[in-house]
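Chemist: Just so we're aligned, residue 1 is where the sequence shown starts under UniProt numbering, counting upward by one.
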Amino acid sequence: MPDKTVREVLNENYVGKVTYRRAFADLAGVAGSVVTISGVTGVVVKVTAIQFAKPSVAQAPLRIVKYSTAISGGTSTEPTPVPLDSNDPAARATFSLYTAVPTDGTEVGALFDGDIATGDVVYETFGGEKNVQPVVLRGTAEYLAIELSANAVINGFVEWTEEAEAPVQTPGI
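1) Under 9 angstroms between the Cβ atoms of Val136 and Val30?
2) On the three-pair Cβ rule with 8 angstroms, is the stretch 157-168 touching the stretch 58-68?
3) Curious, which full-length alpha helix (DSSP H) runs of at least 4 residues does the stretch 64-152 contain?
4) Which whole-angstrom value describes the C-beta separation of Leu134 and Lys17, a residue pair presumed to lie in contact below a C-beta threshold of 8 angstroms?
5) Would Ala28 pass as a contact of Ser72 if the rule is Cβ separation under 9 angstroms?
6) In the DSSP output, which residue or residues are listed as bridge partners for Lys46?
7) Would you decide whether Pro89 is buried or exposed? Buried here means 16 or more other CB atoms lie within 10 Å of its CB.
8) From this set, Pro79, Ala152, Gly127 and Thr140, which residue's C-alpha is nearest residue 178's C-alpha?
9) Which same chain residues end up closer than 6 angstroms to Phe157 when comparing Cβ atoms and leaving out the 5 residues on each side of it in sequence?
10) Could you check which residue in Glu159, Pro167 and Ala150 has the C-alpha nearest to that of Val34?
11) Applying the 10 Å Cβ sphere with the 16-neighbour rule, what's the burial state of Ser86?
12) Run through the DSSP bridge pairs and tell me what Gly156 is partnered with.
13) Can you tell me where the beta strand (DSSP E) with Val34 in it begins and where it stops?
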């Protein structure tokens, strides 16, 4: 893949990157990974924002976790992500909502770990500050999960960008 032209770089900075968002509502009945976004071969998926709210009664432990090996099992649906510009292509990352707990892969680490109470709204942004990276998913094995540790109801959304993975440059010797 050749380097971007000056026009492409300027256009990206003016218009913005191709961005997708997918909302979820009334997720309940699963203690474990309930929302996941998985990477795809040849594409760099950058998660830029996650919002979730807890409209139901009681407090619930909730985590946002990055994994390095693929999720398996469980029962899920894959609702279609929404491009923020209708002229953009369909998303390639896989967005899944689980109704039966899956088996998680190898945990890289938790990005958020806290108890949320009724009426709480949590908005996590990644990469919104200068020199701060978003959460990057490369290849089909890496994924990001929102996990519940108790039976609770949550609503929210996940937002991300996708771009072609650049080949590794080796310096000319």
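Note that beta-carbon positions come from the ideal geometry of N, C-alpha and C, so glycine has one too.
Modeler: This is what the structure holds:
1) Your numbering for residue 136 matches position 136 in the sequence shown. Your numbering for residue 30 matches position 30 in the sequence shown. Result no, Cβ atoms of Val136 and Val30 do not sit closer than 9 angstroms.
2) As far as the Cβ criterion goes, the stretch 157-168 does not touch the stretch 58-68, which means the pair count is below three.
3) DSSP assignment within the stretch 64-152 yields no whole alpha helix (DSSP H) run of 4 residues or more.
4) The sequence position of residue 134 within the sequence shown is 134, counting from 1. The sequence position of residue 17 within the sequence shown is 17, counting from 1. Residue identity check: residue 134 is Pro in the sequence provided, not Leu. Going by Cβ atoms, the distance from Pro134 to Lys17 rounds to 10 angstroms, so no, they are not a contact pair.
5) What you label residue 28 is simply residue 28 of the sequence shown in a count that begins at 1. What you label residue 72 is simply residue 72 of the sequence shown in a count that begins at 1. No, these two residues do not count as a Cβ contact at 9 angstroms.
6) Along the sequence shown, one-based indexing puts residue 46 at 46. Beta-bridge pairing by DSSP links Lys46 to Val136 and Thr161.
7) On the sequence shown, position 89 is the one that residue 89 refers to. Exposed is the call here.
8) In the structure displayed, the chain extends from 1 to 173; residue 178 sits before or after that span and is not available.
9) Counted from its first residue, the sequence shown places residue 157 at position 157. Same-chain partners within the cutoff: Arg21, Ala23 and Gln51.
10) As a working note, residue 34 is residue 34 in the sequence shown. Nearest neighbour of Val34 by Cα position, chosen from Glu159, Pro167 and Ala150, turns out to be Ala150.
11) For the purposes of this step, residue 86 is taken as residue 86 along the sequence shown, with counting starting at 1. So Ser86 counts as exposed.
12) As a position in the sequence shown, residue 156 is number 156, starting the count at 1. Assignment of beta-bridge partners to Gly156 by DSSP yields Phe24 and Phe52.
13) Reading the sequence shown from its first residue, position 34 is the one you call residue 34. Gly32 to Ser38 is the span of the beta strand (DSSP E), which, as asked, contains Val34.
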